[in-house]
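In UniProt numbering, the protein residues as written are 1 to 665.
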């Protein structure tokens, strides 16, 4: 496919040193060649260039190519039409494959020898990790919704708590990597390639549950282990509505000479089509970044403020957040913010410089289903995946409000909670939420933090609590940019459960919290300037594919009052869609059911069923996977049943399960 500015190579084979062929889709400027070498941007993912990421690829890479920058979208080994079998998440083999791809790009006659790497989520992770390996041709990266700390800022664990997103992501990856390659690209090999994948796919959940503390498995790929050694400029983006909101500020703190941060109000999407609005002109940002570092163009990209952030100004929970009120600010140089300390005064209110603090203690034992208003860890839509009105979860929490604010309070950074407590059980969790209480009582979650109290002194060597013994706790909440307006209240909500976002420990612990010890530090915005961040000119940048059957989505909470059981159900059907250019049809259907009984953390169960269809006229492949999780006091119990069908006939059927000891969790 060509137009006046660029051409598209639908599939190019990149052959690695071991003979493995990786499938690439390339957008090439028409004038690229020996007399007009061009820079190149690589995105390296397991999400199928042929249909999985095609909409967002087709919204961006043509724009790059028209601007004289080649774009290459490569499926990692074992995904899409690439050979082999995936061997895990951000593995040494994956990263070394990426380095080989960069070397291949730099050696092409149309290349100017300079390569950039970018991506969101998986691609945002691995571009930072590959850069840390220092391939000579890689000159800059753009990392969106990513992490510098794989243990604490990914979908697996958070401060030692077990994120439910780990299980849902394991189910998703199992389903994604079970899909057949497109026969129109790989030919008659498609069936053998498919069966090889099905046989060899990792049991993701078993592997991840085998590493419940921050060990070498998680240190690998965490660039925070060696910020000083990070070699190249990095533009790091995130959205406040996403679980990956901490990374931009951690990046500029850890490598101020290399990183720039841009944080908007967005969910887990590229910012030129993300919600809630306002969006950002990602294409303009990226092209300037690439021209500066891949073409040595003196365009001032290195001089943009170190941090640009959107300050949320009292958004309200809603079933659809089209746009969030607020404004953009910039800080030329990021430094640790001044903290505003609020403590609980003698009247039980949050107060600055409280003359006298409240005495005594309070017992906290939240209902185990406290947390159903938390939303998802990483959000893909600005609907009920985002946190809802916090009054629902506040009913099971200890809450402390400020007086009605006479003046605004504007914060940017990570709040810090300090307190003293004891527990009647050796293992317990603590969740803290910073909440904006509107004049009408509506409660918007500003940010949250969670802590497995066995990890109170670090994530590498957890220590059980001694029942009845008081310990000091410091809990760093997630980053936020927020304005508490006059007439509002600031609320601190504490709970011992936050289900289903985090899974319960084996005991329904009672926490005894010393009220006078509670202190929440708020990171004040400090010196800044108001700025404008340009929005994209195109309000509808994604291509529209042919919808053959409509999709649907659902999210419900069922409370069986008689039997004391709460069920949290999520359903997602993408519908059957066909790519108008290549004719490939695809559909994904997922059903999740999370369940927990009142007062019984060992009753926790989860079941996720995924159906994936890849088809052409007269040819259909389908996989159906069912994953389950439950627990005992000492073990996590997981299982997977994978079935594959070709034109309705079963070609693969396997069940596997594992029992993994709980490690202080």
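Beta carbons: idealized from backbone N, C-alpha and C, even for Gly.
Note that the structure is a prediction, hence the values are computed from the model and not measured.
>> Give the list of continuous beta strand (DSSP E) stretches no shorter than 3 residues that lie fully inside the segment 381-411.
In response: 398-401
>> Helix, strand or coil, according to DSSP, for residue 222 in the structure here?
In response: Within the chain shown, numbered from 1, the residue matching residue 222 stands at position 222. Coil at residue 222, not helix or strand.
> Does the distance from the CB of residue 201 to the CB of residue 168 come in under 8 Å?
Replying inline: As a first step, residue 201 is located in the chain shown; it is residue number 201 there, counting from the start. As a first step, residue 168 is located in the chain shown; it is residue number 168 there, counting from the start. In this structure, residue 168 does not lie closer than 8 Å to residue 201 by Cβ.
> If we count Cβ pairs, one from each stretch, closer than 8 Å, do we get three or more for the segment 439-456 versus the segment 549-559?
Replying inline: no
> How far does the beta strand (DSSP E) with residue 30 in it reach, from first residue to last?
Replying inline: Residue mapping note: residue 30 aligns to position 30 of the chain shown, counting from 1. Unbroken run through residue 30: none, as it is neither H nor E.
> Is it the case that the Cβ atoms of residue 119 and residue 144 are separated by a distance below 8 Å?
Replying inline: Locating residue 119 in the chain shown gives position 119, counting from the first residue. Locating residue 144 in the chain shown gives position 144, counting from the first residue. Their beta carbons are under 8 Å apart, which means residue 119 touches residue 144 by this criterion.
>> If you measure between the beta carbons of residue 423 and residue 497, is that distance less than 8 Å?
In response: Position 423 of the chain shown, counted from the first residue, corresponds to residue 423. Position 497 of the chain shown, counted from the first residue, corresponds to residue 497. The answer is no: Cβ separation not under 8 Å.
> What are the start and end residues of the beta strand (DSSP E) that includes residue 250?
Replying inline: In the chain shown, counting from the first residue as 1, residue 250 sits at position 250. No beta strand (DSSP E) holds residue 250; the alpha helix (DSSP H) holding it covers 247-254.
> At what residues does the alpha helix (DSSP H) containing residue 126 begin and finish?
Replying inline: For the purposes of this step, residue 126 is identified with residue 126 of the chain shown, where counting begins at 1. First-last of the alpha helix (DSSP H) with residue 126: 122-132.
>> Taking the alpha-carbon of residue 216 as reference, which of 146, 92, 536 has the nearest alpha-carbon?
In response: By 1-based counting over the chain shown, the position of residue 216 is 216. Among 146, 92, 536, the Cα nearest to that of residue 216 is on 92.
>> Check whether the segment 223-232 and the segment 155-169 touch, using three or more Cβ-Cβ pairs below 8 Å as the test.
In response: no
> My guess is that residue 281 and residue 266 are in contact by the Cβ rule of under 8 Å, so how many angstroms apart are they, rounded?
Replying inline: Here residue 281 corresponds to residue number 281 of the chain shown, with the count starting at 1. Here residue 266 corresponds to residue number 266 of the chain shown, with the count starting at 1. Contact doesn't hold; Cβ gap of about 13 Å is too wide.
> Leaving out the 5 sequence neighbours to the left and right, which residues in its chain are closer than 7 Å to residue 383 when beta-carbon positions are compared?
Replying inline: As a working mapping, residue 383 is identified with position 383 in the chain shown. Cβ neighbours of residue 383 beyond the five flanking positions: 319, 320.
> For residue 299, is the classification buried or exposed, using 16 other Cβ atoms within 10 angstroms of its Cβ as the cut-off for buried?
Replying inline: The residue labelled residue 299 in the question sits at position 299 within the chain shown. Label assigned to residue 299: exposed.
>> Can you give me the C-alpha to C-alpha distance between residue 356 and residue 140, rounded to a whole angstrom?
In response: Position 356 of the chain shown, counting from 1, holds the residue named residue 356. Position 140 of the chain shown, counting from 1, holds the residue named residue 140. If I take the Cα positions, the gap works out to 53 Å.
> Which residues mark the beginning and the end of the alpha helix (DSSP H) in which residue 97 is found?
Replying inline: Counted from its first residue, the chain shown places residue 97 at position 97. Per DSSP, residue 97 belongs to the alpha helix (DSSP H) from 92-107.
> Distance, Cα to Cα, residue 452 vs residue 230?
Replying inline: If you number the chain shown from 1, residue 452 lands on position 452. If you number the chain shown from 1, residue 230 lands on position 230. Going by the C-alpha atoms only, they are around 31 Å apart.
> residue 469: buried (16+ other C-beta within 10 angstroms of its C-beta) or exposed?
Replying inline: Along the chain shown, one-based indexing puts residue 469 at 469. By the 10 Å Cβ count, residue 469 comes out exposed.
> Between 193, 146, 590, which lies nearest to residue 122 when the distance is taken from Cα to Cα?
Replying inline: In the chain shown, residue 122 corresponds to position 122, counting from 1. Nearest option by C-alpha distance: 146.
> Excluding the five sequence neighbours on either side, which residues of its own chain have a C-beta within less than 8 Å of the C-beta of residue 460, listed in chain order?
Replying inline: Counting from one through the chain shown, the residue named residue 460 turns up at place 460. Here the set comprises 213, 214, 215.
> Whose C-alpha, out of 457, 232, 448, is nearest the C-alpha of residue 134?
Replying inline: For the purposes of this step, residue 134 is identified with residue 134 of the chain shown, where counting begins at 1. For residue 134, the nearest C-alpha among the options comes from 232.
>> Just to check my reading of the structure: residue 478 and residue 414 have Cβ atoms closer than 8 Å, yes? What is that Cβ distance to the nearest angstrom?
In response: By 1-based counting over the chain shown, the position of residue 478 is 478. By 1-based counting over the chain shown, the position of residue 414 is 414. About 7 Å separates the two Cβ atoms, so the contact holds.
> Can you round the beta-carbon distance between residue 556 and residue 194 to whole angstroms, since I take them to be within the 8 Å contact cut?
Replying inline: Within the chain shown, the letter at position 556 stands for residue 556. Within the chain shown, the letter at position 194 stands for residue 194. With a Cβ gap of about 35 Å, residue 556 and residue 194 do not count as contacting.
> What did DSSP end up calling residue 728 once you bin it into helix, strand or coil?
Replying inline: With the chain covering only 1 through 665, there is no way to say anything about residue 728.
>> Quick check on this structure: which residue in 333, 112, 390 has the alpha carbon closest to the alpha carbon of residue 254?
In response: Reading the chain shown from its first residue, position 254 is the one you call residue 254. The option with the nearest alpha carbon to residue 254 is 333.
> Given residue 358, which residues of its chain have a CB within under 8 Å of its CB, disregarding the five upstream and five downstream residues?
Replying inline: On the chain shown, position 358 is the one that residue 358 refers to. Taken in chain order, the residues that qualify are 344, 345, 346, 347, 348, 515, 516.
> Looking at the structure shown, is residue 347 part of a helix, part of a strand, or coil, going by DSSP?
Replying inline: For the purposes of this step, residue 347 is taken as the residue at position 347 of the chain shown. Of the three classes helix, strand and coil, the one that applies to residue 347 here is coil, per DSSP.
> What alpha helix (DSSP H) runs, 4 residues minimum, are completely inside the segment 278-359?
Replying inline: 282-294
> For the putative contact between residue 130 and residue 98, defined by C-beta atoms under 8 Å, what is the C-beta separation to the nearest angstrom?
Replying inline: Within the chain shown, the letter at position 130 stands for residue 130. Within the chain shown, the letter at position 98 stands for residue 98. Contact flag correct, Cβ pair sits at about 5 Å.
> Taking the Cβ atom as the reference point for each residue, do residue 435 and residue 444 lie within a distance shorter than 8 Å?
Replying inline: In the chain shown, residue 435 corresponds to position 435, counting from 1. In the chain shown, residue 444 corresponds to position 444, counting from 1. Yes. Within cutoff.
>> Whole angstroms are fine: how far does the CA of residue 105 sit from the CA of residue 112?
In response: Here the question's residue 112 lines up with position 112 in the chain shown. Here the question's residue 105 lines up with position 105 in the chain shown. Going from the Cα of residue 112 to the Cα of residue 105 covers about 9 Å.
> From this set, 499, 594, 402, 457, which residue's C-alpha is nearest residue 485's C-alpha?
Replying inline: In the chain shown, residue 485 corresponds to position 485, counting from 1. Of the listed residues, the one whose Cα sits closest to residue 485 is 402.
> With a CB to CB cut of under 7 Å and the five nearest residues on each side skipped, what residues in its chain are close to residue 586?
Replying inline: To locate residue 586, count along the chain shown from 1; it is residue 586. Closer than 7 Å at the Cβ level, and outside the excluded window around residue 586, lie 51, 577, 613, 614.
> With a CB to CB cut of under 7 Å and the five nearest residues on each side skipped, what residues in its chain are close to residue 277?
Replying inline: Your numbering for residue 277 matches position 277 in the chain shown. Closer than 7 Å at Cβ, skipping near neighbours: 322, 323.
>> Once the 5 residues before and after residue 83 are set aside, which same chain residues still bring their CB inside 6 Å of it?
In response: Taking the first residue of the chain shown as position 1, residue 83 is located at position 83. Answer for residue 83: 20, 21, listed in chain order.
>> Extract the residue ranges of the beta strand (DSSP E) inside the segment 556-642, only unbroken runs of 3 or more that lie entirely within it.
In response: 565-573, 576-578, 585-597, 600-616, 619-631
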